[in-house]
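Each residue of the sequence shown is one higher than the one before, counting from 1 in my numbering.
All residues carry an ideal CB built from backbone N, CA and C; glycine is no exception.
None of these values were measured; they are calculated from a predicted model.
Worksheet: one structure, shown below.
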Amino acid sequence: MRLFFYSFIMMLLPGSAQLSTDTSIIEVTNAWISESPPSVRVNAAYMLIKNTSDQDIVLNKVESPDFERVEMHRSKIREDTAHMELQGQLEITANSQLHFKPGDYHLMLFNPARSMRVGAMSTLILYLSGGRQIEVDVIVKKLNLEQSHKH
1 MRLFFYSFIM MLLPGSAQLS TDTSIIEVTN AWISESPPSV RVNAAYMLIK
51 NTSDQDIVLN KVESPDFERV EMHRSKIRED TAHMELQGQL EITANSQLHF
101 KPGDYHLMLF NPARSMRVGA MSTLILYLSG GRQIEVDVIV KKLNLEQSHK
151 H
């Protein structure tokens with residue numbers, strides 16, 4: 001019985017090490033949500049995602065317990081008019097980064113469950129290829145006027 005127990009524990013160890021390796025290949029920095037007036041039910045989130053591995057990774061979706069729905073978008077200018085295009089999945093190629101920033105890729109956060117005032121914290125859950133998930137702590141900041149005209 002003791003041999004069975006040790007064998008079982010040893011089978012679990014490589015899987016645990018692999019999980020910690022998987023999450024370390026993605027670095028998320030500078031994650032923040034733009035503050036919106038209380039009557040507005042949509043916020044935007046930004047961050048920098050770095051893929052430090054030698055394999056391409058796909059960001060399949062993003063969720064948050066603080067918002068009813070999260071969508072990935074990209075802002076583009078067509079015929080002198082800004083348009084937002086919904087993105088189904090986003091590929092982060094090996095040893096590269098994906099920058100969510102005003103005027104480009106961003107997350108649209110719909111119907112907050114609570115007030116999202118400056119200084120409030122939220123959580124985003126990134127769902128990546130291979131079944132990986134990363135939880136990201138995000139702070140609410142003011143969007144300055146120079147940034148907002150790009151969005």
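- Taking one beta carbon from each stretch, the region 105–123 and the region 30–46 have 3 or more pairs nearer than 8 Å; the two touch.
- Short of 8 Å from the beta carbon of Tyr-127, and not among the five residues preceding or following it, lie these beta carbons of its own chain, in chain order: Leu-59, Asn-60, Lys-61, Val-62, Glu-63, Gln-133.
- Nearest Cα to Thr-29 within the set Lys-76, Glu-135, Pro-38: Glu-135.
- Its Cα nearest to that of Ile-25, the residue Asp-56 stands out among Asp-56, Val-40, Ala-44.
- Taken atom to atom, the span from the alpha-carbon of Asn-95 to that of Ala-45 is near 23 Å.
- Contact between Lys-141 and Gln-97 fails: their C-beta atoms lie close to 20 Å from each other, not under 8 Å.
- Each of Ser-122, Pro-112, Thr-123, Ile-139 was checked against the Cα of Glu-68, and the nearest Cα belongs to Pro-112.
- Secondary structure at Ser-75: strand, using DSSP grouped into helix, strand and coil.
- Around the Cβ of Ser-39, a 10 Å sphere holds fewer than 16 other Cβ atoms; the residue is exposed.
- When DSSP reads this structure, Ser-122 sits in a beta bridge with Val-138.
- For Asn-43, the pairing in a beta bridge is given by DSSP as Leu-109.
- Taking the Cβ atoms as the reference, His-73 lies roughly 5 Å from Met-84, within the contact range of under 8 Å.
- Of the candidates Arg-41, Lys-76, Asp-137, Ser-129, Ser-129 places its Cα closest to the Cα of Thr-93.
- DSSP assignment within the region 77–101 yields the following whole beta strand (DSSP E) runs of 3 residues or more, N-terminal first: 81–87, 90–92, 96–100.
- Between Glu-71 and Met-108 a beta carbon distance of about 5 Å is seen, short of the 8 Å cut, so the two are scored as contacting.
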